[in-house]
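One structure is given below, encoded as structure tokens.
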Amino acid sequence: MSNKSNDRYKKRGGDMREIDQQLLHYLNKARADYKELAQLLLFYEKLFSLLGEFKAHVNLSHRGAGAINDTMILQRLSEGTPAVAFDDLTIEPDSFWIQYLQLAEFLRQHLPFQDADAAEGSPSVLGERARKIFESRNPIIVSEPAGNVAAIAAGFAIMPYLQMACEEVMPRIVQSLWQRGCCPVCGGKPAFAALAKDSGARSLLCSRCSGIWEYGRTGCPFCEETAVQTYYPSDDRIYRLYVCDSCRCYLKTIDLREIDRDACLPVENIVTVSLDIAAREKGYRHY
Numbered sequence: 000m001s002n003k004s005n006d007r008y009k010k011r012g013g014d015m016r017e018i019d020q021q022l023l024h025y026l027n028k029a030r031a032d033y034k035e036l037a038q039l040l041l042f043y044e045k046l047f048s049l050l051g052e053f054k055a056h057v058n059l060s061h062r063g064a065g066a067i068n069d070t071m072i073l074q075r076l077s078e079g080t081p082a083v084a085f086d087d088l089t090i091e092p093d094s095f096w097i098q099y100l101q102l103a104e105f106l107r108q109h110l111p112f113q114d115a116d117a118a119e120g121s122p123s124v125l126g127e128r129a130r131k132i133f134e135s136r137n138p139i140i141v142s143e144p145a146g147n148v149a150a151i152a153a154g155f156a157i158m159p160y161l162q163m164a165c166e167e168v169m170p171r172i173v174q175s176l177w178q179r180g181c182c183p184v185c186g187g188k189p190a191f192a193a194l195a196k197d198s199g200a201r202s203l204l205c206s207r208c209s210g211i212w213e214y215g216r217t218g219c220p221f222c223e224e225t226a227v228q229t230y231y232p233s234d235d236r237i238y239r240l241y242v243c244d245s246c247r248c249y250l251k252t253i254d255l256r257e258i259d260r261d262a263c264l265p266v267e268n269i270v271t272v273s274l275d276i277a278a279r280e281k282g283y284r285h286y
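Per numbering that gives the first Met the number 0, residue 0 is the first one in the sequence shown, and the count goes up by one each step.
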């Protein structure tokens, strides 16, 4: 794809959606609050700015999950199936390919990968890779071996479509119909959790579409075991690290009752990287 084509793509983009502007605001603020994580947060700020621009462009003519009506959502959830299937994303191959190439170049500039040229392949091959990532239900950037620019760029490239599907479908989901450990929109596994400020009820953050859904206060959302889950609070009691000795998974959680500020869960997930390190050193895994 030529640079001229990429320039035309950028010029066609619309205004960034408010939800993406808010995410960038929280990332920027976190850089001031967590100076030791400034480089990591700057990377994510640049990445999500790029993804927000993609969403603004795609949204100009994208119907996608808007074609899923309430009857379809109810039927799928009642069958234990997430509301959105891969084909509902209606990914346009040429635009998707351009996004992928730009993300691959961004990753090469910011991360020390040494693999083959990610531009090899074609829009159709990329589409099949994206389908594989989606249907795995795993976090989209760890569905294939780490350190591969092509795999990670493909995962990030699908995120705008997943997030737009979530923004369209999640408000129409009756939470009581879905008490499962995977996302009711896309089937993704949880990346983070929060305990509500008023009741302490638990909600989960999807690792793929950033959707937030309600889940029972006790039990492991990965294996649904209730007897062997333990948590360790941070010194300030704002965060908890839940671990499950049945499946050896862990889940970071913020207790919103312990703070007097707004919290953006995707950003809280990033700034608690020390909890990831601690859990993995003890032999637990995130997914």
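Beta carbons: idealized from backbone N, C-alpha and C, even for Gly.
These numbers were taken from a predicted model, which means no experiment stands behind them.
Secondary structure of A37, DSSP reduced to three states: Counting from 1 along the sequence shown, the entry for residue 37 is found at position 38. DSSP places A37 in helix when its eight states are reduced to three.
Leaving aside the five residues before and after S123 along the sequence, list all residues of the same chain whose C-beta is less than 8 Å from its C-beta, in chain order. On the sequence shown, position 124 is the one that residue 123 refers to. Once the five neighbours on either side are set aside, the close Cβ partners of S123 are P92.
Give me, in chain order, the residues of the same chain whose beta-carbon lies closer than 6 Å to that of N268; leave out the 5 immediate sequence neighbours on both sides. As a working mapping, residue 268 is identified with position 269 in the sequence shown. Taken in chain order, the residues that qualify are A190 and F191.
Along the chain, where does the alpha helix (DSSP H) containing F95 start, and where does it finish? Along the sequence shown, one-based indexing puts residue 95 at 96. Looking at the DSSP string, the run of the alpha helix (DSSP H) that includes F95 is P92 to H109.
Using the Cα positions of D235 and A29, report the straight-line distance between them to the nearest angstrom. Looking up residue 235 in the sequence shown gives position 236. Looking up residue 29 in the sequence shown gives position 30. Rounded to whole angstroms, D235 to A29 spans 18 Å at the Cα level.
Rounding to the nearest angstrom, what Cα-Cα distance links G340 and A262 in this structure? Absent from the model: residue 340. The displayed extent of the chain is 0 to 286, so no value can be given.
Is the separation between the beta-carbon of A82 and that of L88 shorter than 9 Å? Walking along the sequence shown from the start, residue 82 turns up at place 83. Walking along the sequence shown from the start, residue 88 turns up at place 89. Contact flag unset, no.
Between which residues of its own chain and V168 is the CB-CB distance below 7 Å, once the five residues before and five after are set aside? Looking up residue 168 in the sequence shown gives position 169. So the list reads A64, I67, I72, A82, V83 and V184, once near-sequence residues are dropped.
Tell me, to the nearest whole angstrom, how far the beta carbon of A193 is from that of T252; I am working on the premise that it is less than 8 Å. For this step, residue 193 is matched to residue 194 along the sequence shown. For this step, residue 252 is matched to residue 253 along the sequence shown. The pair is a contact, with the Cβ atoms about 7 Å apart (cut-off 8 Å).
Identify whether Y238 lies in helix, strand or coil by the three-state DSSP scheme. In the sequence shown, the residue the question calls residue 238 occupies position 239. In this structure, Y238 counts as strand in the three-state DSSP scheme.
Entirely within the segment 164-199 and at least 3 residues each: give me those beta strand (DSSP E) ranges in chain order. 189-194
Closest to E17 by C-alpha separation, out of S245, E166 and V270, would be which residue? The sequence position of residue 17 within the sequence shown is 18, counting from 1. E17 has its Cα closest to that of E166, out of S245, E166 and V270.
Applying the 10 Å Cβ sphere with the 16-neighbour rule, what's the burial state of H56? The count along the sequence shown starts at 1 and reaches residue 56 at position 57. Taking all protein chains in view, the Cβ of H56 is crowded by 16 or more other Cβ atoms within 10 Å, so the residue is classified as buried.
Cβ-based burial, K54 [other Cβ within 10 Å; buried from 16]: Here residue 54 refers to the residue found at position 55 of the sequence shown. K54 comes out buried.
Determine which residues share a DSSP beta bridge with P232 and list them. The residue given as residue 232 occupies position 233 in the sequence shown. Bridge partners of P232: R239.
Leaving out five residues on either side along the sequence, give the residues of the same chain with a beta carbon under 8 Å from the beta carbon of M163. As a working mapping, residue 163 is identified with position 164 in the sequence shown. Apart from the 5 residues on each side of it in sequence, M163 sits with its Cβ closer than 8 Å to the Cβ of K54, V57, N58, H61, G63 and A64 in its chain, given in chain order.
Taking all protein chains shown into account, decide if I276 is buried (16 or more other Cβ within 10 angstroms of its Cβ) or exposed. For the purposes of this step, residue 276 is taken as the residue at position 277 of the sequence shown. Result: exposed.
Indicate the three-state DSSP secondary structure (helix, strand or coil) for P144 in the structure shown. Sequence index remark: in the sequence shown, residue 144 carries index 145 (1-based). A caution first: P144 carries a pLDDT of 44, below 50, which makes its placement in the model unreliable, though a value can still be read off. In this structure, P144 counts as coil in the three-state DSSP scheme.
In chain order, what residues of the same chain lie with their CB nearer than 7 Å to the CB of L41, ignoring the 5 residues before and after it? As a working mapping, residue 41 is identified with position 42 in the sequence shown. R30, listed in sequence order.
Check the C-beta distance from N137 over to Y286 and give it rounded, since I have them as a contact under 8 Å. Indexing the sequence shown from 1 puts residue 137 at position 138. Indexing the sequence shown from 1 puts residue 286 at position 287. 6 Å between Cβ atoms; contact.
Rounded to whole angstroms, how far is the Cβ of I90 from the Cβ of A129, which I believe are closer than 8 Å? Along the sequence shown, one-based indexing puts residue 90 at 91. Along the sequence shown, one-based indexing puts residue 129 at 130. Confirmed, Cβ separation roughly 7 Å.
Distance CB(L46)-CB(V266) smaller than 9 Å: Numbered from its first residue, the sequence shown carries residue 46 at position 47. Numbered from its first residue, the sequence shown carries residue 266 at position 267. No, Cβ-Cβ distance for L46 and V266 is not below 9 Å.
Which residue marks the beginning of the alpha helix (DSSP H) containing L203, and which one marks its end? What you label residue 203 is simply residue 204 of the sequence shown in a count that begins at 1. Note, L203: premise wrong, no alpha helix (DSSP H); beta strand (DSSP E) at R201 to C205.
From I157, I237 and A37, residue whose alpha carbon lies closest to that of F85: Position 86 of the sequence shown, counting from 1, holds the residue named residue 85. Of the listed residues, the one whose Cα sits closest to F85 is I157.
Please report the straight-line C-alpha distance between E35 and T271, rounded to a whole angstrom. Here residue 35 corresponds to residue number 36 of the sequence shown, with the count starting at 1. Here residue 271 corresponds to residue number 272 of the sequence shown, with the count starting at 1. When rounded, the separation of the alpha-carbon atoms in E35 and T271 is 12 Å.
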